[in-house]
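A short write-up of the structure that comes next.
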Amino acid sequence: MRMLHLPTFRHNAVIGACSWAAVLLAMFLAASSQPAHAIPAFARKYGLPCSACHEAWPKLNNFGQVFKDNGYQLGNDKDAPIFQQPGYWPVSFRATPNWHREHTNRMAVDQAASGVQGVSVAGWDLSGLDILTGGTLNKNISFLFTPSSDVNASFHFESAWVRFDNLLKTSWLNVKVGKFELDNVFSEKRNLTLSANGGPYQIYHFQPFNDISHGTTPFGIGDNQIGFEVMGHSKNSYTRYSVSVLSSTDGQVNLPTSNAYNVFLAGSQAFEVAGLGLQRVGGFAYIGQSPTYYLTSGGTPINGAGQGNKPFQREGIYGIWYIKKLDITTMFTHASENKYLVTGTPSTGTLPTGTQDASWNGALIETHFTVNPRWILVNRYETIRMSKQSVPGTPANLGNIDALTFSTRYYPFMHSRDGFAIHPEYSILRTRGVLGTTPAQDVTTSSLFLGFDFIF
Amino acid sequence: MTKIVNRAMWLSLSLSLFCALPALAQETRVGNLTGHAEVGKKLYQRSCIGCHGPYGDGNGENAQWIDPKPRDFMAATFKCRSTPTGTLPTDQDLYNSITRGFTNSNMPHWDSLTKQNRVDLIAYIKTFSDRWKTDKAGDVLKIPAETPINIDSIAHGAALFQKLECWKCHGQQGRGDGPSASTLTDSKDNPIRPYNFAAGTDDSRFKCGSKNEDIYKIFMTGVDGTPMPAFGDVIQPNDAWDLVHYLRTLQISRHSKENEVLRAAGGKIPKVEIKDPPPAAAPAATPDAQPDAKPQGTGK
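Top to bottom, those sequences are chains A and B.
Using the numbering used here, read the first sequence as starting at 165 and increasing by one per residue.
Using the numbering used here, read the second sequence as starting at 3 and increasing by one per residue.
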């Protein structure tokens with residue numbers, strides 16, 4: 165037989181590939197034929213299929229956006245919990261068992277002869293668990309509470325807020341208090357990419373490579389923040405605005421930084437283009453401040469006693485362009501951080517000569533092709549370029565990044581009771597000059613991911 | 003031989019497609035927008051199928067949990083129309099229903115869909131019943147200018163409310179608790195409650211629109227598929243406006259000009275005699291309101 169002439173490794177590869185195919189086919193068939201046993205909270209409450217609110221779960225369509233903007237209410241008798249059957253329980257669980265492989269092309273390794281080598285990590289893994297409980301406490305009082313665990317079952321509160329909806333009987337005034345996701349155009353809590361590289365938006369989390377504050381006061385627009393939000397929208401959410409006043413803690417509890425407050429502003433306008441679909445343009449700005457040093461007691465920093473606040477900010481404009489099944493989001497961002505923050509210098513200290521505020525620009529293009537409600541293709545490219553390095557003599561391109569992600573999500577079934585997606589993804593991220601060799605070298609990491617994403 | 007079989011198969015396939023196409027080619031027009039059933043089908047499968055079902059018969063996977071039950075598009079009987087009872091609604095009527103939704107049911111308002119999408123959905127909904135091929139929408143009800151709101155109009159409306167026996171279902175206070183209320187069923191034999199005018203502080207619970215002209219329209223055209231009859235052939239337009247003005251006063255928690263007029267009159271509605279009484283018998287229930295009744299012209 166011809167197969168006998170194959171080298172052993174090739175033979176194993178063929179068997180391995182067949183095994184993979186068999187496992188995938190079995191899982192696909194199992195998922196396709198089994199009845200749903202569990203119930204996502206909102207779909208169960210209203211009896212709508214996932215696809216009514218989600219272009220492809222978890223990405224919202226405009227109907228879902230209106231539902232969310234209206235405080236998880238459709239505007240009918242089913243909104244208030246008093247009208248629900250006593251058996252109704254507004255809880256959903258989401259988990260994503262997965263196989264993934266991360267490869268870094270250059271990493272400082274003690275055992276390597278040159279001190280640098282490529283490193284790969286691969287295997288089956290778990291994503292952790294999100295417990296989502298949300299809905300209405302009463303007509304026009306809504307809530308979301310999300311205990312979320314990491315892979316070691318260590319829980320934190322991803323979201324915990326209550327919202328007073330349609331105040332003064334207008335959709336233009338809603339107030340949310342607690343820990344919540346900012347009114348971002350791209351939600352990192354409902355994105356269509358899940359891998360280590362491609363999951364988070366680089367553009368939301370980027371900080372200069374040599375930013376000393378990176379470790380002490382991390383910040384990302386994609387992180388849920390604590391404070392209050394005033395939000396308003398037109399009835400169909402074509403016009404939206406939000407203003408958030410937040411504690412400058414990046415969502416950490418117990419006020420670990422300082423008494424500073426940050427502000428996030430967002431607004432967008434949608435319009436219909438005949439034959440193409442709903443287009444949207446918008447912008448956002450985050451204006452914040454962080455401490456540059458802490459009061460100490462016996463040499464130990466006092467929690468929350470940050471001093472010498474210095475500013476940082478992020479701004480962006482974007483457009484979401486629909487061409488029937490194809491939608492393309494384009495975004496341009498600008499960001500800056502105060503020189504004291506970047507260099508980790510107390511505001512009472514002295515900066516090296518020539519030190520300046522750091523600034524950078526980012527651009528993003530994300531494309532979705534929704535083949536049908538059960539299959540979506542995703543591509544994203546992000547690029548970030550430093551426009552001003554803080555410390556004199558720093559290479560101009562140090563820390564610049566390019567990130568490219570491809571993913572697809574296939575939903576074997578589409579009910580109103582639960583959701584399941586098979587999610588393959590590949591992403592690659594190149595960071596300029598961050599390996600401290602002479603000369604400095606770029607580092608490229610890639611992620612290969614196969615997730616089995618389910619919510620019930 | 004193989005060629006003949008192949009040709010026969012292609013011919014058969016082509017014929018099937020040819021026959022299937024008209025079903026997806028119902029002309030639908032709202033304003034300057036034309037609906038496309040093939041686009042509407044995808045939207046229907048995305049958003050509507052869970053309740054209304056794959057065949058449009060109102061038996062989606064969630065229908066068993068829903069009360070009131072989802073509309074059966076195969077029956078082509080629609081509650082909210084600007085057309086006479088028993089006739090098909092206009093595309094605009096269906097568009098309004100989708101846009102507005104029904105507060106007292108699971109049906110949300112779909113104004114977050116683009117206008118084109120809503121028209122496409124209507125085009126697809128119309129493929130579920132052959133009646134859309136054989137019948138045209140009825141003539142749109144002409145609504146005359148509203149008469150002045152004054153205590154005489156309210157008083158005359160109150161007398162009509164008694165004379166037409168509206169109270170039998172809606173109750174004397176309009177709370178939906180008349181002596182017949184508990185016995186009412188819709189065309190699918192499901193229990194149905196008469197409208198409670200006194201509930202709520204706003205108009206959001208009106209199924210077919212909340213303006214005075216919408217209420218006028220409801221009892222002139224009836225609510226097909228329910229026991230609510232059409233009074234278009236029974237009362238004159240001016241009388242109908244009087245009835246509207248009286249019904250507004252039953253919305254006791256709602257601020258309205260009618261309630262202002264009533265308060266100004268001391269909160270009491272004078273008794274008046276109906277000089278031209280309507281026919282002795284109340285109008286028959288609307289088509290399809292009883293379990294055994296057949297909708298007019300459904301072709302079934």
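Glycine residues also receive a C-beta, built at the ideal position from the N, C-alpha and C atoms.
Please read these numbers as outputs of a predicted model, since none were measured by experiment.
Opposing strand residues paired with residue i [DSSP bridges]
{"i": "A139 (chain B)", "result": "B:L90"}
{"i": "H587 (chain A)", "result": "A:G615"}
{"i": "F328 (chain A)", "result": "A:I305, A:V339"}
{"i": "F319 (chain A)", "result": "A:S313"}
{"i": "H267 (chain A)", "result": "A:S284, A:S610"}
{"i": "W539 (chain A)", "result": "A:N536, A:Y574"}
{"i": "V437 (chain A)", "result": "A:G441"}
{"i": "Q47 (chain B)", "result": "The partner list for Q47 (chain B) (beta bridge, DSSP) is empty, contrary to what the question assumes."}
Coil, strand or helix - residue i by DSSP
{"i": "D314 (chain A)", "result": "coil"}
{"i": "S99 (chain B)", "result": "helix"}
{"i": "P24 (chain B)", "result": "The predicted position of P24 (chain B) is uncertain, since its pLDDT is 45 and thus under 50; no value can be drawn from it."}
{"i": "V349 (chain A)", "result": "coil"}
{"i": "I640 (chain A)", "result": "Past the edges of chain A, shown from 165 to 620, lies residue 640 (chain A), and the structure says nothing about it."}
{"i": "G52 (chain B)", "result": "helix"}
{"i": "D241 (chain B)", "result": "helix"}
{"i": "I68 (chain B)", "result": "coil"}
{"i": "Q229 (chain A)", "result": "helix"}
{"i": "L419 (chain A)", "result": "coil"}
{"i": "E29 (chain B)", "result": "coil"}
{"i": "F75 (chain B)", "result": "coil"}
{"i": "A160 (chain B)", "result": "helix"}
{"i": "A266 (chain B)", "result": "helix"}
{"i": "Y368 (chain A)", "result": "helix"}
{"i": "N214 (chain B)", "result": "helix"}
Separation of residue j from residue i, as counted between CA atoms
{"i": "Y218 (chain B)", "j": "V246 (chain B)", "result": "6 Å"}
{"i": "C50 (chain B)", "j": "T357 (chain A)", "result": "28 Å"}
{"i": "V555 (chain A)", "j": "A449 (chain A)", "result": "25 Å"}
{"i": "M395 (chain A)", "j": "V236 (chain B)", "result": "50 Å"}
{"i": "I619 (chain A)", "j": "D289 (chain A)", "result": "17 Å"}
{"i": "N226 (chain A)", "j": "W112 (chain B)", "result": "10 Å"}
{"i": "P110 (chain B)", "j": "N400 (chain A)", "result": "12 Å"}
{"i": "T334 (chain A)", "j": "T609 (chain A)", "result": "49 Å"}
{"i": "Q433 (chain A)", "j": "R404 (chain A)", "result": "7 Å"}
{"i": "H320 (chain A)", "j": "T297 (chain A)", "result": "14 Å"}
{"i": "E345 (chain A)", "j": "P272 (chain B)", "result": "59 Å"}
{"i": "I529 (chain A)", "j": "E352 (chain A)", "result": "16 Å"}
{"i": "P382 (chain A)", "j": "D414 (chain A)", "result": "7 Å"}
{"i": "A200 (chain B)", "j": "G239 (chain A)", "result": "19 Å"}
{"i": "H54 (chain B)", "j": "Y46 (chain B)", "result": "9 Å"}
{"i": "G268 (chain B)", "j": "N119 (chain B)", "result": "50 Å"}
{"i": "D93 (chain B)", "j": "K81 (chain B)", "result": "13 Å"}
{"i": "M222 (chain B)", "j": "D179 (chain B)", "result": "22 Å"}
{"i": "G103 (chain B)", "j": "D375 (chain A)", "result": "53 Å"}
{"i": "R270 (chain A)", "j": "N361 (chain A)", "result": "16 Å"}
{"i": "G251 (chain A)", "j": "G563 (chain A)", "result": "53 Å"}
Contacts of residue i in chain A (Cβ-Cβ under 9 Å)
{"i": "R73 (chain B)", "result": "Under the 9 Å cutoff, chain A gives no residues; its nearest Cβ is about 14 Å from R73 (chain B)."}
{"i": "I68 (chain B)", "result": "G211"}
Integer Cβ distance of residue i from residue j, believed to fall under 8 Å
{"i": "S215 (chain A)", "j": "R83 (chain B)", "result": "Contact flag wrong, Cβ pair sits at about 30 Å."}
{"i": "F120 (chain A)", "j": "V409 (chain A)", "result": "Residue 120 (chain A) cannot be examined here, being either before or after the span of chain A that is shown, 165 to 620."}
{"i": "Y545 (chain A)", "j": "V349 (chain A)", "result": "Not quite, the Cβ-Cβ distance comes to about 16 Å (not below 8 Å), so this is no contact."}
{"i": "K71 (chain B)", "j": "N192 (chain B)", "result": "6 Å"}
{"i": "T497 (chain A)", "j": "G526 (chain A)", "result": "4 Å"}
Chain B contact residues for residue i, given Cβ-Cβ distances below 7 Å
{"i": "G441 (chain A)", "result": "T116"}
{"i": "V230 (chain A)", "result": "S114"}
Within chain B, the residues that residue i reaches when beta carbons sit closer than 8 Å
{"i": "E436 (chain A)", "result": "T116, K117, Q118"}
{"i": "S580 (chain A)", "result": "G52, E63, N64"}
{"i": "L541 (chain A)", "result": "In chain order: nothing, as chain B lies at least about 17 Å away."}
Partners in chain A for residue i, counting only beta-carbon separations shorter than 8 Å
{"i": "H257 (chain B)", "result": "Near H257 (chain B) there are no residues of chain A at all, since even the closest Cβ is about 12 Å away, more than 8 Å."}
{"i": "F104 (chain B)", "result": "N240"}
{"i": "R48 (chain B)", "result": "P213, S215, A216, P537"}
{"i": "S99 (chain B)", "result": "Here the premise fails: no neighbours, minimum Cβ distance about 13 Å."}
{"i": "S107 (chain B)", "result": "N240, D241"}
Chain B residues whose Cβ lies nearer than 9 Å to that of residue i
{"i": "K223 (chain A)", "result": "By Cβ distance, chain B contributes nothing, its closest Cβ being about 13 Å from K223 (chain A), past 9 Å."}
Cross-chain neighbours of residue i in chain A, by beta carbon under 7 Å
{"i": "P110 (chain B)", "result": "L238, G239, N240"}
{"i": "D113 (chain B)", "result": "K399, N400"}
The ligand MN heavy atom lying under 8 Å from the CB of residue i
{"i": "P254 (chain A)", "result": "Looking at this structure, you won't find the ligand MN or any other ligand, since it has none at all."}
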